[in-house]
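Peer 1:
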Amino acid sequence: MADNNRNRLLLLLKYLQKNTDDEHVASVADITAMLEQKGINGNRNTIRDDVKALNDAGYEILANVGPSNSKLYHYGARPFDEPELKLLIDAVSSSQFIGVKQSQDLIDKICELTSKYEAEKLVARVYTSERIKTENSKLLYVVDMINEAIESGKKIRFQYMEYNADKELVCTNNGEWYENSPYAMLWNDDRYYLLGYSKKHNKVVTFRIDRMCVPQIMDEACTPMPEGFSVPEYANKSFKMFDGELQQVVLDCPNHLMKKIVDKFGEDFDVEHISKDRFQTTVLANVIKTFFGWVFTYAGEIQIVGPEGVCKEYRKQLRKALK
83 MADNNRNRLL LLLKYLQKNT DDEHVASVAD ITAMLEQKGI NGNRNTIRDD
133 VKALNDAGYE ILANVGPSNS KLYHYGARPF DEPELKLLID AVSSSQFIGV
183 KQSQDLIDKI CELTSKYEAE KLVARVYTSE RIKTENSKLL YVVDMINEAI
233 ESGKKIRFQY MEYNADKELV CTNNGEWYEN SPYAMLWNDD RYYLLGYSKK
283 HNKVVTFRID RMCVPQIMDE ACTPMPEGFS VPEYANKSFK MFDGELQQVV
333 LDCPNHLMKK IVDKFGEDFD VEHISKDRFQ TTVLANVIKT FFGWVFTYAG
383 EIQIVGPEGV CKEYRKQLRK ALK
């Protein structure tokens, strides 16, 4: 009898979670019919007692009065509201880092957090297959191994991949193995990066996780973080997540592009208004080709004022582009 009651309680909970919400309710007849299909007897009194037991256990099962004074039940508070679930689904769907199949699997799991009716509405506006997605099907395994290594304080070794001229992912440097002391995983510009100390480069570097083969966890302990090194500070200062020299760069910008400067560098910079239409600011940027490419995107509206070395390098890159 005890097992029967426990099974009935769990079936009721799962049924209400999946089939009811604020707009969809279940009657006593609906619930007893479901229980009968599972070979379990139920009636108005057992359902009432089970609902009370679930509420006492911390679940929120709400009861309303229906026609002829009948009880109508639905599942109440959920961990996520519909807009929050939509936000999670859109993030997974639009992420280039997560493959198509992995995206669909994650979306299906997110939909399990709400009723089937809300789930239908959530997925009706998702178009995962039309997005640009990674072809690396082992990404979740890579992330899992990196996370395990970080938690255990162990080094990892892995091979790194790049696309060749035939659009094939191949191991770089003839399959060379890289050793790394992993400190963190960082999300930047729709890409996921490993941040860690590289034995080969003798400094903290980043690797794109979607370019990594599944790493091996070594027995050797991680190299400690350099003294004074801050992962959040590195993430805030590093531009486009590529290795380069961090420099203070003075930019001359039109007022209408302030939002673009904030998007790229955050709000922690001073502004000097040099005219009614333009301002100058000094930002900490990783001065490499991608930085110059970002400046060039604005077709001369953003100008590099200094330092002179950065200006000269930008002019050099522009001349190369014209050849």
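All residue numbers for the sequence shown refer to the numbering used here, where the first residue is 83 and numbers rise by one.
Note that beta-carbon positions come from the ideal geometry of N, C-alpha and C, so glycine has one too.
(1) Note down, in chain order, each residue of its chain lying with its Cβ closer than 7 angstroms to the Cβ of residue 89, except the 5 sequence neighbours on either side.
(2) With DSSP as the reference, label residue 351 as helix, strand or coil.
(3) Apply the 10 Å Cβ neighbour rule to residue 254 and answer buried if 16 or more other Cβ atoms are within range, or exposed otherwise.
(4) Helix, strand or coil, according to DSSP, for residue 234 in the structure here?
(5) Let me know if residue 359 comes out buried or exposed under the rule of 16 or more other beta-carbons within 10 Å of its beta-carbon.
(6) Assuming residue 230 contacts residue 299 (C-beta within less than 8 angstroms), just tell me the rounded distance between them.
(7) So what does DSSP say about residue 390, is it helix, strand or coil?
(8) Roughly how far, in whole angstroms, is the beta-carbon of residue 373 from the beta-carbon of residue 367, given that I think they are within contact range, below 8 angstroms?
(9) Suppose the cutoff is 6 angstroms on Cβ atoms and the five residues either side in sequence are ignored; what does the same chain contact list for residue 280 look like?
(10) Is DSSP giving residue 246 helix, strand or coil here?
(11) Determine, using beta-carbon pairs with one atom in the stretch 346-353 and one in the stretch 302-316, whether at least three such pairs fall under 8 angstroms.
(12) Put residue 295 into one of helix, strand or coil per three-state DSSP.
(13) With H, G and I counted as helix, E and B as strand and the rest as coil, what does DSSP make of residue 125?
(14) Along the alpha helix (DSSP H) that carries residue 204, what are the first and last residues, could you check?
(15) Just to confirm, is the Cβ distance from residue 204 to residue 157 under 7 angstroms?
Peer 2: Let's see:
(1) 122
(2) coil
(3) exposed
(4) helix
(5) Its Cβ having fewer than 16 others within 10 Å, residue 359 is exposed.
(6) 6 angstroms
(7) Of the three classes helix, strand and coil, the one that applies to residue 390 here is helix, per DSSP.
(8) Indeed they touch by this definition, with Cβ atoms about 5 angstroms apart.
(9) 262 and 287.
(10) coil
(11) no
(12) coil
(13) coil
(14) 198-205
(15) no
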